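Just so you know, the protein sequences line up as chains D and V, in that order. Residues in the first sequence are numbered from 0 upward in steps of one, following numbering that gives the first Met the number 0. Residues in the second sequence are numbered from 0 upward in steps of one, following numbering that gives the first Met the number 0. Where a beta carbon is used, it is the ideal one built from N, C-alpha and C, also for glycine. The model shown is predicted, which means the values in this text are computed figures rather than measured ones. In what follows, a single structure is set out as structure tokens and then discussed.
Number of protein chains: 2
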Amino acid sequence: MVGIWNVLTPEDKRVVIDNFTIHNFKRNQIIYAEKETPEYLWCLLKGKVKKFKEGIGGRQQIIRLIRPIQYFGHRAYFANEPYVSGAIAMEPSEIGAIPMTVVSQLIDGNRQLAWFFIHELSHNLGRSDTKIVNLTQKHIRGRLAEALVLLVDNYGFEDDGETLNIYMSREDLANLSNMTTSNAIRTLSTFVNEKVIVVDGRRIKIVNEAMLRKISKFG
Amino acid sequence: MVGIWNVLTPEDKRVVIDNFTIHNFKRNQIIYAEKETPEYLWCLLKGKVKKFKEGIGGRQQIIRLIRPIQYFGHRAYFANEPYVSGAIAMEPSEIGAIPMTVVSQLIDGNRQLAWFFIHELSHNLGRSDTKIVNLTQKHIRGRLAEALVLLVDNYGFEDDGETLNIYMSREDLANLSNMTTSNAIRTLSTFVNEKVIVVDGRRIKIVNEAMLRKISKFG
DNA sequence: CTATATTTGTGCTAAATAACATAACTGTGT
DNA sequence: ACACAGTTATGTTATTTAGCACAAATATAG
Chain D
0 MVGIWNVLTP
10 EDKRVVIDNF
20 TIHNFKRNQI
30 IYAEKETPEY
40 LWCLLKGKVK
50 KFKEGIGGRQ
60 QIIRLIRPIQ
70 YFGHRAYFAN
80 EPYVSGAIAM
90 EPSEIGAIPM
100 TVVSQLIDGN
110 RQLAWFFIHE
120 LSHNLGRSDT
130 KIVNLTQKHI
140 RGRLAEALVL
150 LVDNYGFEDD
160 GETLNIYMSR
170 EDLANLSNMT
180 TSNAIRTLST
190 FVNEKVIVVD
200 GRRIKIVNEA
210 MLRKISKFG
Chain V
0 MVGIWNVLTP
10 EDKRVVIDNF
20 TIHNFKRNQI
30 IYAEKETPEY
40 LWCLLKGKVK
50 KFKEGIGGRQ
60 QIIRLIRPIQ
70 YFGHRAYFAN
80 EPYVSGAIAM
90 EPSEIGAIPM
100 TVVSQLIDGN
110 RQLAWFFIHE
120 LSHNLGRSDT
130 KIVNLTQKHI
140 RGRLAEALVL
150 LVDNYGFEDD
160 GETLNIYMSR
170 EDLANLSNMT
180 TSNAIRTLST
190 FVNEKVIVVD
200 GRRIKIVNEA
210 MLRKISKFG
């Protein structure tokens, strides 16, 4: 996906620089919460962020995982509604913010920037629709495998080429794949037994990625 | 939501008229299928259309219901991917089509049209994210109630003010609310017993809308 | 109108998943 | 090093939902 910076004119860049603020968030710190009024386009520079929705009985569903450099927080503003999901830093994160009023003005004057958002929103909408079917129709094994594949695709591996470059609690893994924490733990164990992954605390090594993708796809 | 026509210049309108074709679809006729390459912006003029995704074991999940005048088919083109969902006419429908290449050119020359799509995509993305939580976390009663509420909000009532203005098979109701057909039938029956609705074949009267919304909200 | 296919309704059983309880483990701050 | 809180692990039970079978009702095609 083409970034924002590339499509900006020198004058646009000036405006961005003048209105850009950088914020540091600690692990588990809330960036914004459901129902609040959106004001900024957030740009994750360093760290990891999760977007989630509070469900029934305090259970949360992780909607999207964000990595550098990705943008978030703008959808609700564009739709002219309060946030329907919250955002939390999963690890210490450096995040830039530009007022959406400024973004709107830039879009008004820059066709390519408008296209950037049309493209980005369309992409995310497709992913969201696909997620609906994945989460509702796959069984637990398939859902957890899919979550792990998502982590691979989103954050990749460490230098050894097989350790996931993100450490999540079992509870967050459960929240990502729509199951209870116990079931996430149990299913992870069966994957270990089947030699698909190796687990050391929150460190997860994918030792048979092909098999993992197969489980994700078929069951 | 503001329509497309209002934001077009006279020249734009000329272009649209010159490239607009009208198609008639029969009940259950496929408009386009998953994995095909998107080519048109479709505009539903008369009738009802469902967008759906094929899931595991041929089970389908209805992603979105479309009413006149709403647009569809453009997301995949904007995202530059094949369709991730198919579209079928639920009743005889009259649908306009404009080549997406033309739409793209119009967007290039018309800032307000770009805003229309940014707004529309953002709105739908929020709905989709909300649907994820509704479908995954609510129990059967809540999900079916929610589906009925969606039908009310989307298609409204007939002249009597309480009969749903859409007749769907039990199977489609199930596909909309992520459950098996038997469970849709059974749960509808309990709603009838609880005097929330009255059923006469595919004709559904909402006799206690407040209660229905309550069930939808709390389970 | 009749034959045939499809849809609806209902009961029963099986499978999947959540819920709960409890113990072991881990990390963190003091 | 210790205490405490939070996390992980595992067994057991309860609940929810799917799956299947079959009969009745309804729609559809010839």
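Counting along the chain, the unbroken alpha helix (DSSP H) around R74(D) starts and ends at 73-78. The Cβ atoms of L43(V) and I94(V) sit closer than 8 Å to each other. Residues of the same chain with a CB within less than 7 Å of the CB of N207(D), apart from the 5 flanking positions on each side, are K194, V195 in chain order. The continuous beta strand (DSSP E) containing Y31(D) extends over residues 29-31. L143(D) sits away from L163(D), with the two beta carbons spaced by 8 Å or more. The distance from the Cβ of I61(V) to that of N174(V) is about 5 Å, consistent with a contact at the 8 Å cut-off. Within the model, the alpha-carbon separation for I184(D) versus R169(D) is close to 6 Å. Contacts between T135(V) and chain D, judged by CB atoms closer than 7 Å, involve Q60, L134, T135, N177 in chain order. Between L187(V) and V197(V) a beta carbon distance of about 11 Å is seen, past the 8 Å cut, so the two are scored as non-contacting. Close CB contacts of K52(V) within its chain, under the 8 Å cut and outside five residues either way in sequence, are with E33, Q59, Q60, I62, V83, S84, G85 (chain order). For F77(D), the chain V residues whose C-beta falls within less than 7 Å of its own C-beta are I117, H118, S121, listed in chain order. The count of Cβ pairs closer than 8 Å, one atom from the segment 9-20 of chain V and one from the segment 115-125 of chain V, stays below three, leaving the stretches out of contact. Among the CB atoms of chain D, one or more fall inside 8 Å of the CB of S84(V).
The beta carbons of E161(D) and I205(D) sit closer together than 8 Å. Per DSSP, R13(D) is one residue of the alpha helix (DSSP H) stretching across 9-18. Partner residues in the beta bridge of A96(D), as assigned by DSSP, are T20(D), W41(D). The beta-carbon of E35(V) is placed no less than 8 Å from the nearest beta-carbon of chain D. Runs of alpha helix (DSSP H) with 4 or more residues, each lying fully within the segment 87-147 of chain V, are found at 99-108, 110-136, listed in chain order.
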